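Visitor: Numbering (my numbering), first residue to last: 12 to 128. A virtual CB, placed ideally from N, CA and C, is assigned to each residue, including glycine. Nothing here was measured: the structure is a model prediction, and the numbers come from that model.
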């Protein structure tokens with residue numbers, strides 16, 4: 012499922028995709044994927060593409076939040092939670108550091124980068 016999400020994000024040119032293994036930190040989800048988008052329109056397009064591609068693959072979308080403003084859209088797939096954020100919002104909340112990942116200034120640029128807390 013992680014790779015399907017990454018592919019869906021890359022289809023619409025998401026930037027700075029980071030995958031975090033949070034299984035040791037929470038029982039709510041196994042992985043958090045954080046990606047950046049350049050505009051409200053792109054965050055919504057990315058969230059729509061993730062939902063579409065994962066539904067086609069047989070996954071169940073449990074919920075979506077934030078589509079109204081498009082600054083931060085969350086797609087809950089159960090074992091994977093996807094955060095699509097505009098850069099200023101992403102920098103402010105700094106989810107990578109909050110969940111044990113690298114600080115924003117040191118985060119990897121490649122989708123294959125995985126952070127294990």
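Have a look at residue 48 and residue 22 and give me their C-alpha separation to the nearest angstrom.
Guide: Taking the chain shown and counting its residues from 1, the one referred to as residue 48 is at position 37. Taking the chain shown and counting its residues from 1, the one referred to as residue 22 is at position 11. Taking the straight line joining both Cα atoms gives about 12 Å.
Visitor: Decide if residue 79 is buried, meaning its Cβ has at least 16 other Cβ atoms within 10 Å, or exposed.
Guide: If you number the chain shown from 1, residue 79 lands on position 68. Counting Cβ neighbours within 10 Å, residue 79 comes out exposed, since fewer than 16 surround it.
Visitor: Under 8 Å Cβ to Cβ from residue 91, same chain only, skipping five residues before and after it: list those, please.
Guide: Along the chain shown, one-based indexing puts residue 91 at 80. Closer than 8 Å at Cβ, skipping near neighbours: 12, 13, 16, 40, 41, 42, 43 and 44.
Visitor: Would you report the Cα separation of residue 70 and residue 59, rounded to the nearest angstrom?
Guide: Here the question's residue 70 lines up with position 59 in the chain shown. Here the question's residue 59 lines up with position 48 in the chain shown. If you take the alpha carbons of residue 70 and residue 59, they lie about 14 Å apart.
Visitor: Helix, strand or coil for residue 67? Go by DSSP, reduced to three states.
Guide: Mapped onto the chain shown, residue 67 falls at position 56. It is helical.
Visitor: In the segment 23-85, which residue ranges form an unbroken alpha helix (DSSP H) of at least 4 residues, counting only runs that do not cross its ends?
Guide: Within the segment 23-85, the complete alpha helix (DSSP H) runs of at least 4 residues are 51-67.
Visitor: Out of 95, 106 and 99, point me to the one whose CA is closest to residue 56's CA.
Guide: Within the chain shown, numbered from 1, the residue matching residue 56 stands at position 45. Checked all of 95, 106 and 99; the closest Cα to residue 56 is 95.
Visitor: Out of 24, 109 and 72, state which residue places its alpha-carbon closest to the alpha-carbon of residue 52.
Guide: What you label residue 52 is simply residue 41 of the chain shown in a count that begins at 1. Checked all of 24, 109 and 72; the closest Cα to residue 52 is 24.
Visitor: Restricting to Cα atoms, I'd like to know which of 68, 75 and 98 is closest to residue 82.
Guide: The sequence position of residue 82 within the chain shown is 71, counting from 1. Minimum Cα distance to residue 82 is reached at 98.
Visitor: Would you mind working out which of 73, 77 and 100 sits nearest residue 87, comparing C-alpha positions?
Guide: Locating residue 87 in the chain shown gives position 76, counting from the first residue. Among 73, 77 and 100, the Cα nearest to that of residue 87 belongs to 73.
Visitor: Please go through the same chain and pick out, in chain order, the residues whose beta-carbon is closer than 6 Å to the beta-carbon of residue 119, but skip the five residues on each side of it.
Guide: As a first step, residue 119 is located in the chain shown; it is residue number 108 there, counting from the start. Bear in mind that the predicted position of residue 119 carries a pLDDT of just 41, short of 50, making it unreliable; the figure below should be weighed with that in mind. Taken in chain order, the list of residues that qualify is empty.
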